[in-house]
Each structure stands twice: as structure tokens, then as C-alpha cells.
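> Read in full-length UniProt numbering, the sequence shown has 123 at position 123, and its numbers run on one by one without any break.
Heads up, the beta-carbon is just placed ideally off N, CA and C, and yes, glycines get one too.
My questions will all concern the structure given below.
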Amino acid sequence: MENMQSAVDTLVHSSNTLFILLGAVMVLAMHAGFAFLEVGTVRQKNQVNALSKILSDFAVSTLAYFFVGYWVSYGVTFLQPAAALNVDHGYSLVKFFFLLTFAAAIPAIISGGIAERARFAPQLCATVLIVAFVYPFFEGVVWNGNFGLQAWLQAQFGAGFHDFAGSVVVHAMGGWLALAAVLLLGPRNGRYRDGRLVAFAPSSIPFLALGSWILIVGWFGFNVMSAQTLPAVSGLVAINSLMAMVGGTVAALVVGRNDPGFLHNGPLAGLVAVCAGSDLMHPIGALVTGAIAGALFVWFFTAAQGKWKIDDVLGVWPLHGLCGVWGGIACGIFGQSALGGLGGVSLISQLIGTTLGVVVALCGGFAVYGAIKAVVGLRLTQEQEYYGADLSIHKIGAVSQD
Numbered sequence: 001m002e003n004m005q006s007a008v009d010t011l012v013h014s015s016n017t018l019f020i021l022l023g024a025v026m027v028l029a030m031h032a033g034f035a036f037l038e039v040g041t042v043r044q045k046n047q048v049n050a051l052s053k054i055l056s057d058f059a060v061s062t063l064a065y066f067f068v069g070y071w072v073s074y075g076v077t078f079l080q081p082a083a084a085l086n087v088d089h090g091y092s093l094v095k096f097f098f099l100l101t102f103a104a105a106i107p108a109i110i111s112g113g114i115a116e117r118a119r120f121a122p123q124l125c126a127t128v129l130i131v132a133f134v135y136p137f138f139e140g141v142v143w144n145g146n147f148g149l150q151a152w153l154q155a156q157f158g159a160g161f162h163d164f165a166g167s168v169v170v171h172a173m174g175g176w177l178a179l180a181a182v183l184l185l186g187p188r189n190g191r192y193r194d195g196r197l198v199a200f201a202p203s204s205i206p207f208l209a210l211g212s213w214i215l216i217v218g219w220f221g222f223n224v225m226s227a228q229t230l231p232a233v234s235g236l237v238a239i240n241s242l243m244a245m246v247g248g249t250v251a252a253l254v255v256g257r258n259d260p261g262f263l264h265n266g267p268l269a270g271l272v273a274v275c276a277g278s279d280l281m282h283p284i285g286a287l288v289t290g291a292i293a294g295a296l297f298v299w300f301f302t303a304a305q306g307k308w309k310i311d312d313v314l315g316v317w318p319l320h321g322l323c324g325v326w327g328g329i330a331c332g333i334f335g336q337s338a339l340g341g342l343g344g345v346s347l348i349s350q351l352i353g354t355t356l357g358v359v360v361a362l363c364g365g366f367a368v369y370g371a372i373k374a375v376v377g378l379r380l381t382q383e384q385e386y387y388g389a390d391l392s393i394h395k396i397g398a399v400s401q402d
């Protein structure tokens, strides 16, 4: 019997390890989606920089999260013998890998907002500080119960702040951090002339669409594998993700009047919004959540660029920041059993947790990017921006005419 139990335990641990490893690889692949979404949206003279930023940010994010950030969030350090780390088939290691891909999504989100005029090295410095301290602080509060907030919400309102796959913890955090950086950087040269918006056309709609599709496919690893173990996996998460994606797509298509940029960001808006409650909502609730998110993205991207003159290149604040906030709130609405959800969620807790995420992101963003701006500067010179980040920083263009 002992041998049988040992065999069962081995099978369980190895299966869970493989399950979360597949999720980590799928979310890792999403970073290619971030890269190509940015490559297709920016002008051709900044395409190399877009690709270089995403890969470099991931590398320094890994170092920051491995040595500091994961410890801040979960109190876990990897400065132990390999034999200790390999317990249960190394499940704790691949769990770190999975959560790292979430953490590294933060600078990938920010990258799209500050594109075409941000200096390379200062952005990498900001990435280190954000992934080591700012993001793990809020991640630990929500997903590890740090500082007692979740226990207090549970005691006061009957449920803690629920964010299954990171509408607020990852996406809203990244979007509001990006807003701080975008405001400190200011608009690209020539973006506004005599107070009017000047259109900067995307360099490649096919690349933009490719990035969107990579993100869409990877998102099912992002959401479904957030269960982190096989016994906890739920087909409800997959279908809710699908319905929210479709809702966001249709809404952006209609509200955006067939614009391909809006169309290919619509499904991403829906997926951002459904992350928090994808394990609780009824599929129709997820569809409505995604549709509202798709419309919100179009409306607020247009308002931010035109009325408020916020030059957020990829629209990461409306896409991730605002749709992430909507996702945290929507979880508290459509997760209720009265609306077909599974219940066990409090709208008040969702409002408090979501608001806290926005406050942490804004304070952290202005602190990190403000300090870097004051010490070394954030922005390319006017001449460097004119010639493009590709030639100014990387000394090579995206394409050769030879």
C-alpha cells in the first residue's frame, strides 16, 4: 500500500508540474505577441527597438523576480541546494516560472505606451525596480494574503478581493504604471500640431494582427493554467475566456467602425477584463464583460489621444489599465449567484481591491519613473527621436533596401 501511495503521489506531483510548466510556456509565448503588437503599431524606424525592449525586459525581469520579487511576494528564496528545490518534481520552480511570466508582462505592457521616445537603459532600470518591488508588493497582498488585507475584507464583507488571473494584479497594474510613465515622458514630437492630433499610421497591420493572435492563443494558458494544479482546472475558465474575447472583438468592430487597430485590440480588451472572474462567471456574463471592455477601449483610446492629448502609443492605459479595472468590478457583479455566477464574491471587496491596485500602480509609477527622469532622464533627444530609436540606439534598421 505504501508503494502504491508513493506512486500516486509521484504521478500527482509530476502531472501538476507538467501542467503549470505548459502554462508558463504559453504565457512566455505571449511575450512574442506583445512584441509584434508593438512592432506593427509603431513606425518602421522604431521596430527594432520594440523587439529589443520586450526580450531585454524579460531577461532583467527574470533576474529581478528570481532574486528579489518572488521573495517579496511569497517569502520564498531559491538560495538553497538543488536537492531542496527539486522536491515534488520541482513544482515550486515551475510555479515560479509561471508567475514570472505574469510579472514580466508588466514591463511588456508599459513598453507599448512609452514607445518611440523612451531611452533604452533607463527603461531597463525601471523594469528592475518595478518587477523587484512595486508589482510584487501588490501581488503578495492579493495572492499571498500579505499585510492582512484579504483577511480583513473576508471578515468585513464576507469575501476577499477575487482576481483569479490578474485583471487588476497584472493588467491594471501595468496599465496604470504605464500612464505615469507616459505622462512623465510627454507626447512624441509632431504628434500634436496647433493643438490638433496628427495621425501616425501603424507600420504593419499584418504584424499588429499577428501580435494580437499570439496573445489571444497564449491567453488560454494565462487564464486556464492560473488554476496551477490539475485538480483545480476548470473548463468554465476556458469558455468564459472565449466568450469575453468574442464579445470584445464584436464590440470593437462595431464601435471602432471596422478600424483594424481597434478590431485586433478588442479581443485583448475582453480577455483583460475577464481574467479576474473567469472562474466564477456564467459565459453570458463573460460575454457582456468582454463586450463592454471592447467598447471601453475604443472610446477611451480615442478620448485619450484626441481630447486629453495623452500619447499612449498602443493604448495600454485604456486596454490594460481601464479594462483591468472594469474586470475587477465585473467580477463582483457577474460573479454573483443571482446573475448566474458561482458566488462567493463581494462587490465592495472588488471595489476596494481594484482601487488599491490603481493607487499602488500610480504611486509606484510616478516614484520610479519620476526618480529616473530626475537622475538620468527618460527621453531620447529630439534628433534621436527624429531618426528613430532603431538607428539611434541599435544602429540598424528593421529592413534593408539592398
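Are Val224 and Val217 touching if we call contact CB-CB under 8 Å?
No.
> Identify every run of the alpha helix (DSSP H) within the segment 219-264, keeping only runs that are complete inside it and at least 4 residues long; order them along the chain.
For the segment 219-264, whole alpha helix (DSSP H) runs of length 4 or above, ordered along the chain, are 235-255.
> Assuming Gly290 and Ala244 are in contact, meaning their beta carbons sit under 8 Å apart, how far apart are those beta carbons, in whole angstroms?
Yes, Gly290 and Ala244 are in contact; Cβ-Cβ is about 3 Å, under 8 Å.
> Just checking my contact of Asn265 with Phe300 at CB under 8 Å: how many whole Å lie between their CB atoms?
Not really, about 12 Å apart at Cβ, beyond 8 Å.
> Name the two residues that bound the continuous alpha helix (DSSP H) containing Asn49.
Note, Asn49: alpha helix (DSSP H), 47-64.
> Here's a check: name, in chain order, each residue in its chain whose Cβ is nearer than 6 Å to the Cβ of Ala105, leaving out the five neighbours to either side.
Within the same chain, Ala105 has close Cβ partners Val170.
> How close, in whole Å, do the beta carbons of Gly328 and Ala276 come, if the pair is a contact with beta carbons under 8 Å?
That pair is a contact at about 5 Å.
> Determine whether the beta carbon atoms of Val60 and Thr127 lie at a separation below 8 Å.
Yes, the Cβ-Cβ distance between Val60 and Thr127 is below 8 Å.
> What does the Cβ neighbour count give for Pro107, buried or exposed, with the cut at 16 atoms within 10 Å?
Looking at its Cβ environment, which holds 16 or more other Cβ atoms inside 10 Å, Pro107 is buried.
> Tell me whether Ala7 sits in a helix, a strand or coil according to DSSP, three-state version.
It is helical.
> Give me the Cα-Cα distance between Arg193 and Leu236, rounded to the nearest whole angstrom.
Going from the Cα of Arg193 to the Cα of Leu236 covers about 49 Å.
> Give every residue of the same chain whose Cβ lies closer than 6 Å to the Cβ of Lys395, excluding the five residues on either side of it in the sequence, and list them in chain order.
Closer than 6 Å at the Cβ level, and outside the excluded window around Lys395, lies no residue.
> Buried or exposed for Thr381, please, with buried defined as at least 16 other CB atoms from any protein chain shown within 10 angstroms of its CB.
So Thr381 counts as exposed.
> Smallest Cα separation from Leu314: which of Ser14, Leu21, Thr41?
Of the candidates Ser14, Leu21, Thr41, the one whose C-alpha sits nearest the C-alpha of Leu314 is Thr41.
> Identify every run of the alpha helix (DSSP H) within the segment 130-215, keeping only runs that are complete inside it and at least 4 residues long; order them along the chain.
Fully enclosed alpha helix (DSSP H) runs of 4 or longer: 135-143, 149-157, 173-185.
> Take Val368 as the anchor and find which of Gly285, Gly341, Gly221, Leu179 has the nearest alpha-carbon.
Minimum Cα distance to Val368 is reached at Leu179.
> So, Ala273 versus Trp326, is the Cβ gap smaller than 8 Å?
Cβ atoms of Ala273 and Trp326: closer than 8 Å.
> Determine whether the beta carbon atoms of Gly324 and Ala172 lie at a separation below 8 Å.
For Gly324 and Ala172, yes; Cβs fall inside 8 Å.
> Do you know how far the Cα of Glu139 is from the Cα of Phe78?
Taking the straight line from one Cα to the other gives about 19 Å.
> Taking the alpha carbon of Leu356 as the point to measure from, which residue in Val134, Val76, Ile333 has its own alpha carbon closest?
The shortest Cα separation from Leu356 among Val134, Val76, Ile333 belongs to Val134.
> I'd like to know if Pro318 contacts chain B, where contact means its C-beta is closer than 8 Å to some C-beta of that chain.
No chain B is present in this structure, which holds just one protein chain.
> Helix or strand or just coil, what does DSSP make of Ala118?
Note: Ala118 maps to strand in three-state DSSP.
> Would you tell me roughly how many angstroms separate the C-alpha atoms of Ala165 and Gln401, rounded to the nearest one?
So the two alpha carbons sit approximately 44 Å from each other.
> To the nearest angstrom, how far is it from the Cα of Val141 to the Cα of Asp163?
Going by the C-alpha atoms only, they are around 12 Å apart.
> Does the Cβ-Cβ distance between Gly388 and Asn46 come in under 8 Å?
Yes, Cβ-Cβ distance for Gly388 and Asn46 is below 8 Å.
> Output needed for Ala24: all residues of its chain with C-beta closer than 7 Å, excluding positions within five of it in sequence on either side, in chain order.
Closer than 7 Å at the Cβ level, and outside the excluded window around Ala24, lie Val94, Phe97, Phe98, Thr101.
> Whose C-beta lies closer than 6 Å to the C-beta of Val358 among residues of the same chain, with five residues either side of it excluded?
So the list reads Trp176, once near-sequence residues are dropped.
> Can you find the residues in the same chain that come closer than 8 Å, C-beta to C-beta, to Ile284, ignoring five residues on each side of it along the sequence?
Correct list, in chain order: Met243, Gly340.
> Span of the alpha helix (DSSP H) holding Leu93?
Run containing Leu93: 87-113, per the alpha helix (DSSP H) assignment.
> What residue range does the alpha helix (DSSP H) around Ala374 cover?
Segment 347-375, the alpha helix (DSSP H) holding Ala374.
> Measuring straight from C-alpha to C-alpha, what distance separates Phe137 and Asn3?
Rounded to the nearest angstrom, the two C-alpha atoms are 42 Å apart.
> Using a 10 Å radius around the Cβ and a threshold of 16 neighbouring Cβ atoms, would you call Asn240 buried or exposed?
That one is buried.
> Please list, in chain order, all residues of the same chain as Ala151 whose beta carbon is under 8 Å from its beta carbon, the five residues on each side excluded.
Counting only Cβ-Cβ distances below 8 Å, and skipping sequence neighbours, we find Gly145, Gly160.
> Once the 5 residues before and after Ala50 are set aside, which same chain residues still bring their CB inside 6 Å of it?
These residues qualify, in order along the chain: Glu38, Val39, Val42.
> Between Val316 and the rest of its own chain, which residues show a CB-CB distance below 6 Å, the 5 nearest in sequence each way excluded?
Excluding positions up to five away in sequence, the list reads Ile109, Gly112, Gly113, Gly175, Ala178.
> Apply the 10 Å Cβ neighbour rule to Arg188 and answer buried if 16 or more other Cβ atoms are within range, or exposed otherwise.
Buried.
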